[in-house]
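Quick note on numbering: the sequence shown equals residues -24 to -1, 1 to 130 in mature numbering (1 follows the signal peptide of the UniProt record, and there is no 0).
Backbone N, C-alpha and C fix where the C-beta goes; we use that ideal spot for every residue, glycine too.
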Amino acid sequence: MESSTALKLGAAAVALSLTVPAVAQESEPVFTPSTLPYPFSDAVQVGNILFLSGDIGMAEDGQTIAKGGMEVEARRVMIRLGERLATHGLNYRDVIKCTVMLADMADWPTFNGIYAEYFTKPFPARSAMGVNGLALGARVELECWAHKPAGSAD
């Protein structure tokens, strides 16, 4: 690479780094403990981002997977997401990123249809993957990030 081009690229990178705000560091992370007896937090807020741990389609008893296959599990995981968001004063519109883990990628169309019932345009960014196994034999796990402005209710 020609040295003048390298200098221009270096200067542009420095200028960009000076104009892009750093991740909000005005406060320490806030941890929301899990009600389950496992070593993880239900959510952690860092700055204006709430990171929700992955959740599966638990039955209403909170101990077993909802019976009825992917459609029932997907609806339960989406309902549970709404409930978890509400405990932080948020809703589905505040979700900015989701990661979907499926035990069988053949279930993708079913999950996708149900997911689209809960989110509207503009949709959150999303990743999806097929996995070899999920907790308690679940068919789907959903992990999301939400935007939570400072001063939002908890």
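Residue burial is scored here from C-beta neighbours: Lys43 has fewer than 16 other C-beta atoms within 10 angstroms and is therefore classed as exposed. In the structure shown, Glu117 adopts extended strand secondary structure according to DSSP, grouped into three states. For Ala92, the enclosing alpha helix (DSSP H) begins and ends at Trp84 to Tyr94.
If you draw a 10 Å sphere on the C-beta of Lys97, you find fewer than 16 other C-beta atoms in it, and that means exposed.
Within the DSSP bridge table, the entry for Asp31 names Leu118 as partners. For Ala19, no alpha helix (DSSP H) segment is defined; the enclosing uninterrupted segment is the beta strand (DSSP E) at Ser17 to Val22. Secondary structure note for Met77: its beta strand (DSSP E) is the uninterrupted segment Val71 to Leu78. Judged by DSSP secondary structure, Gly58 falls within the alpha helix (DSSP H) whose first and last residues are Met46 to Ala62.
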